[in-house]
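The next block holds one structure in the form of structure tokens; read it before the comments.
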Amino acid sequence: MKSQSELQADLQAAFIETAIGRAKREILADIQSGITPATVRSFSELHNTRDANTYGGLCEPEVIAQAEAIFPRDSEDNPENLFSQEFLDAANKIQDKVHLWLAQAGHLDKDGGDTDEGAKNVPLPPTP
């Protein structure tokens, strides 16, 4: 039986992988719709066409609520930060993985450069 900390780590890893998969799919959708050029090769370049921090749902209230439960604040966190340091670290990890995928031109592969079946099947959010 897994300990509470092991279960928490599993939840955190699943959150990160889901957000990475969703971000990749959202980027591919933006490329297909012409919002983002296919020549994009870095996470920072995504900011030229939209707020890249929103990829993966990281700015949506439901996702934020989930993240706050999975990455709770502790006494070490800066009270001036909106989120726990653990969540900020997770968001950076998500963005770093997406950056690496773009830098390696994974978004130009036939399958989106994604070998993680679970990540490929993360649904896109409804369009407004």
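In terms of numbering that gives the first Met the number 0, the sequence shown opens at residue 0 and continues consecutively. Glycine included, C-beta positions come from ideal geometry on N, C-alpha and C. Note that the structure is predicted; figures quoted are calculated from it, not measured.
Discussion item. I want to know whether the region 27–46 touches the region 59–79 - three or more CB-CB distances under 8 Å.
Written reply: no
Fill in: Under 8 Å between C-beta atoms of PHE86 and ALA66
yes
Fill in: Rounded distance between the beta-carbons of LEU101 and SER41, thought under 8 Å
6 Å
Discussion item. On the criterion of 16 or more Cβ atoms from any shown chain inside 10 Å, does ALA8 qualify as buried, or is it exposed?
Written reply: exposed
Item to complete: Under 7 Å Cβ to Cβ from ILE15, same chain only, skipping five residues before and after it: list those, please.
Response: ALA89, LYS92, ILE93
Discussion item. Comparing C-alpha positions only, which one of ILE30, GLY55, ASN47 sits nearest to ALA22?
Written reply: GLY55
Item to complete: Would you mind listing the alpha helix (DSSP H) stretches within the region 50–79 that are 4+ residues and don't spill past its ends, in chain order?
Response: 60–69
Worksheet item: Should SER4 go down as buried or exposed, given a rule of 16 or more other Cβ atoms within 10 Å for buried?
Response: exposed
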